[in-house]
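**Q**
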Amino acid sequence: MLMNAATPTAPASGGSAAPPAADKRYKILETTMKRHQYNPDALIEVLHTAQELFGYLDNDLLRHIATSLKLPPSSVFGVATFYQYFSLKPKGAHTCVICMGTACYVKGADRILATLEKHTGIRAGETTPDNQISLITARCIGACGIAPAVVFDGTVTGKVTAENALSLVKGWSKHGSR
Ligand code: FES
């Protein structure tokens with residue numbers, strides 16, 4: 051008789067989707083939650099950090115926060131939808147989050163922002179009329195060691211200069227406008 055040789059594998063993450071290990075943003079978010087000792091009262095603060103890091107709060111992210119803070123997902127979704135500040139959808143096809151926290155500011159974050167605002171013709175918090183690029187500013191995304199830090203389409207990038215930020219965003223415009 052033939053036996054099924056497949057070895058059962060243990061689920062990697064206790065049921066909920068594990069955050070991608072290579073995504074630095076999750077690490078930074080983890081540090082924030084740890085700093086608050088995973089206290090459910092820190093939910094708004096944690097959502098702020100998440101929004102600054104990711105540009106918006108998607109389902110997986112909200113679920114991850116709910117699990118980490120031991121809150122029912124419904125409460126987390128409730129808070130995220132109640133406050134206008136939080137966005138549940140990406141705004142533009144590309145998102146650029148510029149950290150304006152002190153460490154980044156003293157290393158030229160304002161120049162990066164000014165350069166990108168000039169190029170895109172929009173201000174921080176806005177999306178280009180063709181819905182291609184959203185510019186967002188954050189306070190401190192927890193990557194001060196590599197200041198100035200910018201999150202380009204989900205990738206935390208350190209030691210950014212106005213020039214390389216501009217060439218990257220120009221690349222988006224080229225590929226994005228159809
Ligand atoms: S001030 Fe920008 S990462 Fe901390």
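Numbers 51 to 228, taken from this note's numbering, label the letters of the sequence shown in order. Beta carbons: idealized from backbone N, C-alpha and C, even for Gly. Since the structure is predicted, the reported quantities are computational estimates derived from the model, not experimental observations.
Check this for me: beta carbons of C146 and A197, under 8 Å apart or not?
**A** no
**Q** Hey, quick one: how far does the alpha helix (DSSP H) through H98 stretch, first residue to last?
**A** 93-104
**Q** If you drop the 5 nearest sequence neighbours on each side, which residues of the same chain put their C-beta closer than 6 Å to that of A116?
**A** P123, V126
**Q** Quick one: give me the first and last residue of the alpha helix (DSSP H) that L111 is part of.
**A** 109-118
**Q** Do you know whose CA, among N89, L103, P70, lies nearest L79's CA?
**A** Nearest to L79 by C-alpha distance, out of N89, L103, P70, is L103.
**Q** Would you give the residue range spanned by the beta strand (DSSP E) that F45 belongs to?
**A** What the structure shows of the chain is the stretch from 51 to 228, and residue 45 is not part of that stretch, so it cannot be assessed.
**Q** Nearest-angstrom Cα distance between G204 and R75?
**A** 8 Å
**Q** Taking 8 Å as the threshold (C-beta atoms), are C149 and A199 in contact?
**A** yes
**Q** For the beta strand (DSSP E) holding I43, just list the boundary residues, first then last.
**A** Given that the chain is displayed from residue 51 to residue 228, the structure contains no residue 43 and the question cannot be resolved.
**Q** Does the ligand FES have even one heavy atom less than 7 Å from the beta-carbon of I162?
**A** no
**Q** Pairs of beta-carbons, one from the segment 182-189 and one from the segment 91-103, closer than 8 Å: are there three or more?
**A** Segment contact: the segment 182-189 against the segment 91-103, three or more CB-CB distances shorter than 8 Å; contact assigned.
**Q** Do you know how far the Cα of T131 is from the Cα of A174?
**A** 22 Å
**Q** Is L93 near L111, with beta carbons less than 8 Å apart?
**A** Not in contact: L93 and L111 (Cβ atoms no closer than 8 Å).
**Q** According to the Cβ coordinates, are L97 and L107 closer than 8 Å?
**A** A contact, by the Cβ cut-off of 8 Å.
**Q** Can you tell me whether DSSP reads V126 as helix, strand or coil?
**A** Of the three classes helix, strand and coil, the one that applies to V126 here is helix, per DSSP.
**Q** Work out the CA separation of S184 and T170 for me, nearest whole Å.
**A** 9 Å
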